[in-house]
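Sequence positions in the sequence shown follow mature numbering (1 follows the signal peptide of the UniProt record, and there is no 0) and run -21 to -1, 1 to 240.
Positions of the beta carbon are idealized from the N, C-alpha and C atoms, including for glycine.
Okay, structure first, notes after.
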Amino acid sequence: MVAVRVLLLTVALALLALAGAAVQPKAARVRKSWAAYTSNEKKLYLSALEKAMASGSHMLFTQVYMDSGSLEQVVGTCGAPAWYRKYLLGYENMLRSLDSTFSDLTLPYWDIFEDAAKRISTSTTCNGIEGCSPILKDLGGCEGPELLPGAYVVNGEAIPSGNCANSSVAAHTCTNHKKCEKCIPRGDWGIGDSSLEFGPTTFADLIRRASSANGTSSSGASAMDTLRKEVQNSVQLTIHSLLGGAYETRAASFDPIFLSH
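As structure tokens, this is what we get:
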């Protein structure tokens, strides 16, 4: 009888331990700017990206984005913010699944407004979009051989022009399981000293503009819908144009910068 009780107690303790382990909360998913990442966090994220790009998993997400049904839910719709959040969450889950070392990884974000403000800062000196935004350089920059028009194709989308950036994660690029180009089409960010023409108050200004226009336009658009359009037209499209290459096409999500903008 004692032996049975000991056995039952042991089993009960084991079950309690398993239950306790099961309810242990995972680390909260907190996105940080690339500038706030430690050196080790940056290495881990770049390593995960490289693995995703070389394995074809990154390309699968590009195909999801490029699907006509997906684009209809994203471009020019009120559902765009929610769709992007789900897309990024799915991509983050994919990275976490690639290796146990990536289990707590979160996607960094590019603090565009902070980097743009460096142009007028007295404590920071930088030139051009890449010089003021370290995340762009860390994700491979824009240096590489010049592409011939239409020579680089992503899921049926021909990239019209650009350099084929071939360092850092860009060197692990594959457009399909049979072909790895090992470079990503990007614009020449050094032309005309390209820079982000945003000020530190740009986003706050957009919010105020959307708030004051709430329901007053001929279409009766809400403040949120007005803000979405303002962000798309004055910020998002500007970034796509500046970055160039794949970013100026339907294949924008093929460039890993897309995950952080």
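| Check | Outcome |
| --- | --- |
| Below 8 Å, how does it come out for the region 11 to 19 and the region 72 to 92: are there three or more Cβ pairs, yes or no? | yes |
| Give the secondary structure of residue 133 by DSSP, where H, G and I count as helix, E and B as strand, and everything else as coil. | strand |
| How many angstroms separate the CA atom of residue 126 from the CA atom of residue 240? | 24 Å |
| Does the Cβ of residue 212 have 16 or more other Cβ atoms within 10 Å, making it buried, or fewer, making it exposed? | exposed |
| Would you kindly report the start and end of the unbroken alpha helix (DSSP H) that includes residue 164? | Run containing residue 164: none in the alpha helix (DSSP H); it sits in the beta strand (DSSP E), 163 to 165. |
| Opposite residue 88 in the DSSP bridges: which residues? | 12 |
| How should residue 63 be labelled, buried or exposed, when 16 other C-beta atoms within 10 angstroms of its C-beta is the threshold for buried? | exposed |
| Which word fits residue 3, buried or exposed, when buried means at least 16 other C-beta atoms lie within 10 angstroms of its C-beta? | Here residue 3 scores only 47 on pLDDT, less than 50, and its place in the model should not be relied on; the value that follows carries that caveat. That one is exposed. |
| According to DSSP, simplified to helix, strand and coil, what is residue 225? | helix |
| Answer with buried or exposed for residue 106, where buried requires no fewer than 16 other C-beta atoms within 10 angstroms of its C-beta. | exposed |
| So what's residue 143 in DSSP terms, helix, strand or just coil? | strand |
| Kindly indicate which residue of 57, 95 and 42 has the alpha-carbon position closest to the one of residue 70. | 42 |
| Secondary structure at residue -9, three-state DSSP: helix, strand or coil? | Residue placement at residue -9 is poorly supported in this model, since its pLDDT is 34, which falls under 50; the coordinates still yield a value, given next. Of the three classes helix, strand and coil, the one that applies to residue -9 here is helix, per DSSP. |
| Would you tell me roughly how many angstroms separate the C-alpha atoms of residue 1 and residue 67, rounded to the nearest one? | Model confidence at residue 1 stands at a pLDDT of 43, short of 50, so the residue's coordinates are unreliable; what they give is reported in the following sentence. One C-alpha to the other measures close to 26 Å. |
| Using only CA atoms, which one of 83, 233 and 166 lies nearest to residue 151? | 233 |
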